[in-house]
Amino acid sequence: MNCLHCGAPVLINDVCSVCGLKQEYLIKAWNTSLYYYNQGLEHAKIRNLTGAEEALKTALRYNKANIDARNLLGLVYYETGQVVEALAEWVISSNYQPEENPALRYLKVVQGNQNKLSAFDQAAKKYNLTLHYVRQKDHDLALIQLKRVLNANPHFVKAYLILALIYIQDGNVDKAKKALQRVLKIDKFNPMAQHYLAELGKNERQYSTSMSADTVYEEDELPEMEGISQLQEETEEELDGEETARRKIREIIERGAAAEDINSEQNLEVGSYKEIKYGRHNVLYLVSGLAIGIAAMFFLIMPARMKRIKNENLELKSSYSAELAGKNSTIDILQGDNEKLQADLDALNAQLENITTANSAGSMNDTVMTGIQAYMSGDKQGAITSLGTVDLTDGALSEASRTCIQTIVNDCSEELAACRSAGMTAFGAENYTEAITQLQVFCNLKPDDAEARYNLAKAYENVGNIEAATALYQDINTRFPDSEYVTTMYQ
Amino acid sequence: MINFDEEVKKFQPAAEMSQLEDNIYKNDFNDVADVLIEVMKQAQQPPQNME
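From first to last, the protein sequence lines are chains Z and X.
According to our numbering, the stretch in the first sequence is residues 1 to 491, in order.
According to our numbering, the stretch in the second sequence is residues 492 to 542, in order.
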């Protein structure tokens, strides 16, 4: 046999070999602990949580390693909203028995939902703040805080009690009774709730008359406790034996904690407060306003605007059409004037040409006369020079003039030969200007000398008078097709 | 009649999560076995004031 306290072997005199405790005393203590545990369990079954708490605490005084008693005490604390106390009991329990201990599961369930755990913590802080407000007689602020506390922790018995007390103080007897009834739903024989209710029953008129008119709250300000009625029903059922009762209480805890979602939005109790998200509403209003504005613009403003623009376009189109017709008429008139002026111009040009031709013939006759006069005075060189400016192939030259010139040319063959020779020499010396002067005279009066004409054309080409050179090359090609001076380039 | 102020005095602050550790240490009370061991220790000690 091993010692119940330390686990060391027990001596024959029933005393532990290590701690020295007599096992008889320990067994008695353990039995007493179990007795109180059973008592606490019976109280818990009928939801006498205060009684259960007292009995279980006593059980632990006899044997602090009574795991069942400690676990059940934790459950009782949790049910009355004292989460920290419950966690403390379960932590100690799991320390005494680290394996196969239901406390491990309770801890896992409760600590697994950090949102809820945080809400419980906030509820405890707000409750403490509430106590401060109550002591300062600031009941309005206390009630606001309590409302939040009970939203976060709807089983918080102490919060209901202080709420009832505030209502009683403020004269709200009905609301106080309601809060106390809710306490009794959780803890059926809560002595404080019973005491307050009894007092209210005895002196209801007195409490009502002291009611202050300025403290008015909504009827549904307390959160609904959805699980309470179910718990009540369950505890009223017949429970078969100790194990069934324990299982039931564990299920209560699991439903209370494990059924909560991680999502804080969905984590609210039925009937609990939910802050109105004005930010989200504002966005909604803004979007709606924009949609209505756009719709109004499309259905009211845009059609009128489109119609006005269409009318403006039509007016503009008609004005342009009228303007275009006017312009077309003007163009027709101007075109007629243009044709008439062109005809006049052509007539005037013809007149001018006739006059120029007449002037040219006159000028040529003067030159011929000058040449003849020089010849008659014996100046053959002067005659050749004057007549050399006249081209014998020119059609404007009269037949009489041509015959007269030809006669003089025949008589002045020496002077012409000298002129040709001078031209050829100048060409050979690359004095193209002089060559042109001499050869031009010679070629005008002796148009059948292909060589002279060729050299003249070359001289013109060299001084850059391509037009005159081309005319001469073509003349050679036409009139002397068999000569050696034919230039294929100008054929 | 309920005396509001007296009743309020009965309400103690609730434990917060930050106090969990303290709560666990405070919970380490003596049970019957601890008391018996303490008594035995005192019984085994010689009396201090022997005159």
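Where a beta carbon is used, it is the ideal one built from N, C-alpha and C, also for glycine.
Computed from a prediction, not measured in an experiment: that's the story for all the values here.
Under the Cβ criterion of 8 Å, glutamine 510 of chain X is counted among the residues facing chain Z. Around glutamate 507 of chain X, the beta-carbon contacts reaching into chain Z at under 8 Å are Val84, Asp121, Ala124, Lys125 and Asn128. Below 8 Å, enough C-beta pairs join the region 521-541 of chain X and the region 58-65 of chain Z to call them touching: three or more.
Here lysine 458 of chain Z is buried: its Cβ has 16 or more other Cβ atoms, across all protein chains shown, within 10 Å. From the beta-carbon of proline 504 of chain X, the residues of chain Z found nearer than 7 Å are Asn128 and Leu131.
Note that the region 193-209 of chain Z touches the region 157-177 of chain Z; at least 3 beta-carbon pairs, one per stretch, sit closer than 8 Å.
Here proline 102 of chain Z carries a helix assignment [DSSP, helix/strand/coil].
Within chain X, not a single residue places a beta-carbon under 9 Å from that of glutamate 53 of chain Z; the smallest gap is close to 14 Å.
Counting C-beta pairs closer than 8 Å gives three or more between the region 446-464 of chain Z and the region 472-479 of chain Z, which meets the contact rule. Lysine 64 of chain Z has a beta carbon lying within less than 8 Å of a beta carbon in chain X. For valine 499 of chain X, the chain Z residues whose Cβ falls inside 8 Å of its Cβ are Leu131, Val134, Arg135, Ile162 and Leu165, in order along the chain. Residues of chain X with a Cβ closer than 8 Å to the Cβ of lysine 158 of chain Z are, in chain order, Phe502 and Ala505. Apart from sequence neighbours up to five positions away, no residue of its chain approaches proline 98 of chain Z with a beta-carbon distance below 7 Å.
Counting of Cβ neighbours within 10 angstroms places arginine 135 of chain Z among the exposed residues, the total staying below 16. Non-local beta-carbon contacts of alanine 86 of chain Z in its own chain, meaning distances under 6 Å to residues more than five positions away in sequence, involve Gly74, Tyr77 and Tyr78 in chain order.
Where glutamate 199 of chain Z is concerned, the enclosing alpha helix (DSSP H) starts and stops at 191-202.
With fewer than 16 other Cβ atoms inside 10 Å of its own Cβ, arginine 305 of chain Z counts as exposed. Among the residues of the region 175-200 of chain Z, those with a Cβ less than 9 Å away from any Cβ of chain X are Met192, His195, Tyr196, Glu199 and Leu200, in the order of the chain.
Around histidine 5 of chain Z, the beta-carbon contacts reaching into chain X at under 7 Å are Ala524. Residue contact with chain X for glutamine 114 of chain Z: absent (no Cβ-Cβ distance below 8 Å to any residue of chain X). Residue contact check for alanine 142 of chain Z against chain X: no CB pair falls below 8 Å. Each residue's CA atom was taken as its position, placing histidine 43 of chain Z and glycine 51 of chain Z some 6 Å apart.
Counting only the Cα atoms, isoleucine 309 of chain Z lies some 25 Å from alanine 291 of chain Z.
Collapsing the DSSP output to three states places cysteine 19 of chain Z in coil.
The DSSP-derived three-state label of asparagine 113 of chain Z is coil. Only residues of its own chain outside the window of five on either side were considered, and among them Asn462 have a CB closer than 8 Å to the CB of glutamate 430 of chain Z, listed in chain order.
Assignment of valine 10 of chain Z by DSSP, reduced to helix, strand and coil, places it in the strand class. The contact set of asparagine 518 of chain X on chain Z, defined by CB atoms closer than 7 Å, consists of Ala88 and Ile92 in chain order. Using a Cβ-Cβ cut-off of 8 Å, glutamine 97 of chain Z does not count as an interface residue toward chain X, since no Cβ of chain X sits closer than that to its own. For proline 537 of chain X and leucine 34 of chain Z, the gap between their C-alpha atoms comes out near 36 Å.
If the five residues before and after serine 94 of chain Z are omitted, its C-beta is found closer than 6 Å to the C-beta atoms of Asn101, Ala103 and Leu104, all from its own chain and listed in chain order. For isoleucine 436 of chain Z, the enclosing alpha helix (DSSP H) has its first and last residue at 432-445. Distance check between asparagine 48 of chain Z and each of Z/Lys185, Z/Leu397 and Z/Phe480 places Z/Lys185 closest, using alpha-carbon atoms only. For aspartate 394 of chain Z, there is no enclosing alpha helix (DSSP H), as DSSP gives it neither H nor E. For the pair glutamate 512 of chain X and glutamine 82 of chain Z, the Cα-to-Cα distance works out to about 15 Å. Closer than 8 Å to the CB of asparagine 514 of chain X there is at least one CB belonging to chain Z.
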